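Data block below; observations after.
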Amino acid sequence: MNATKEELITFLEQNVLIPTETNPKADITIKRKINATRMRLNKQVSAEKVRQYFWSAMSTDRGIDSYTKLTTIGAPTFEEVRDGFKTLCGDK
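Residue 97 is where the sequence shown starts when you use the working numbering, and the numbers rise one by one after that.
Given below as structure tokens:
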């Protein structure tokens, strides 16, 4: 792992969470999802746990629902930042 927990969370904040939260088309449901995601990320105890959360979040029903809602309003998604996240983690 090349990044710290804080660096991974900052990357997701800057590239997905904040741009989505501030999107003028983001409704209360989307904003609640962002806040819940933020809370889950911050509860992770290490960079490795943040990485595991990131990859598992995309494959859950909740993650798929979020992806659908975010793409509908043109907001960035975890799926769109996968390559940058992998690079930050030092994954191939």
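Beta carbons: idealized from backbone N, C-alpha and C, even for Gly.
The model shown is predicted, which means the values in this text are computed figures rather than measured ones.
C-beta contact flag for residue i and residue j at 8 Å
i	j	result
K121	I160	no
L166	T116	yes
K101	V146	yes
V112	T164	no
I114	L137	no
Sequence-distant residues of its chain with Cβ nearer than 8 Å to residue i (five each side left out)
i	result
N98	L184, C185, G186
Cβ neighbour criterion (16 or more within 10 Å) applied to residue i
i	result
A132	exposed
K139	exposed
S162	buried
I126	buried
Backbone secondary structure at residue i - three-state DSSP
i	result
G159	helix
Cβ-based neighbour list, residue i, same chain, cut-off 6 Å, excluding 5 preceding and 5 following
i	result
F70	There is simply no residue 70 to check, as the chain begins at 97 and stops at 188 in what is shown.
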